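In our numbering, the protein residues as written are 107 to 395. We treat Cβ as the ideally placed atom computed from N, Cα and C, and that holds for glycine. Quick caveat: nothing in here was measured; it's all calculated off a predicted structure. A short worksheet on the structure shown next.
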């Protein structure tokens, strides 16, 4: 690892993590006059034993896992399918590549506003209007973001739409690096399309797929922007969609409690690192096998 990378890792990852650990052991509030009081592991214990703290934290953690469990396979699979489709030698493919990549360059604030209009609870919402038209007015308007049954699904749909283009471009670049003679040899062996995909395409992009899965996992667990915007501007069901990062920022800006927010982020960081290491080990073992 080069020196700039090490410095960047220390400054932007290690140092903030150490500061968060220190803050989590003290009673720190914005604007407090008295020196911070040492609390030890009080907030860590409360996060798992005190219902006032553990309830919102565990619910947020469950929301994070629900989001990740759906987004990681669906977004990766969809990105792979789009990349294979757009790698074909057909006219107009550059236009479609641009079309599918466009949501990636949109700011998440703009994306959230667009989808807020789509999920609008009244008949003026685009989704409700579409359902109303298809069912000839039989189906009533739904509160897609306000209902606990559909709020998380709405966030997931928004996130996949916005992020799939990035993974698609990475996989597409890997597909274009596969030597054409491998496909020609497979055709000479009378391999069908599925056999070529399984025996030529997937092995040729296996390392890229592992990278994309790990990257998607990181993005899935750090989901925040769309949750914050839709809760604050569209009255999304907070219990159904709030994530750990949203709870941490709420602890700082709504409750003025740096210590609680620091404890939340430290626990979440450890969980994410553990998941990432386990995932890498499993993928490496599968790759070697």
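- Using a Cβ distance threshold of 7 angstroms, residue 353 and residue 122 do not count as a contacting pair.
- Within the segment 192-241, complete alpha helix (DSSP H) segments of at least 4 residues are found at 199-211, 214-224, 232-240, given in chain order.
- Close CB contacts of residue 385 within its chain, under the 7 angstroms cut and outside five residues either way in sequence, are with 320, 323 (chain order).
- Straight across, the Cα-Cα distance linking residue 241 with residue 234 is about 10 angstroms.
- Just measuring C-alpha positions, the residue of 359, 333, 367 sitting nearest residue 349 is 333.
- Taken through DSSP and simplified to helix, strand or coil, residue 305 comes out as helix.
- Distance check between residue 152 and each of 292, 370, 263 places 370 closest, using alpha-carbon atoms only.
- Cβ-Cβ distances below 7 angstroms link residue 129 to 364, 365, 368 in the same chain, with the five nearest sequence neighbours on each side left out; the list follows chain order.
- At least 7 angstroms separates the beta-carbon of residue 207 from that of residue 269.
- By the 16-neighbour rule on beta-carbons within 10 angstroms, residue 181 is buried.
- Bounds of the alpha helix (DSSP H) holding residue 355 are 350-359.
- For residue 327, no pairing in a beta bridge is given by DSSP.
- Distances from the alpha-carbon of residue 311 to those of 277, 258, 263 put 277 closest.
- Under a 10 Å Cβ-count criterion, residue 314 is classified as buried, with 16 or more other Cβ atoms of the shown protein chains found around its own Cβ.
- By the Cβ-count criterion, residue 204 is exposed, with fewer than 16 other Cβ atoms from all chains shown falling within 10 Å of its own Cβ.
- With contacts defined as CB atoms closer than 7 angstroms, residue 251 and residue 257 qualify as a contacting pair.
- Around the beta carbon of residue 339, fewer than 16 other beta carbons lie within 10 angstroms, which makes this residue exposed.
- Annotation for residue 256: no alpha helix (DSSP H) segment contains it, and DSSP assigns it neither H nor E.
- Residue 129: member of the alpha helix (DSSP H) spanning 121-130, first to last residue.
- Within the DSSP secondary-structure output, residue 268 pairs in no beta bridge.
- Contact check for residue 177 against residue 262 passes: the beta carbons are separated by less than 7 angstroms.
- Between residue 247 and residue 229, the C-beta gap is smaller than 7 angstroms, which places the two residues in contact.
- In this structure, residue 132 lies near residue 142, with their beta-carbon atoms less than 7 angstroms apart.
- Between residue 305 and residue 136 the beta-carbon gap is near 59 angstroms, outside 8 angstroms, which marks them as no contact.
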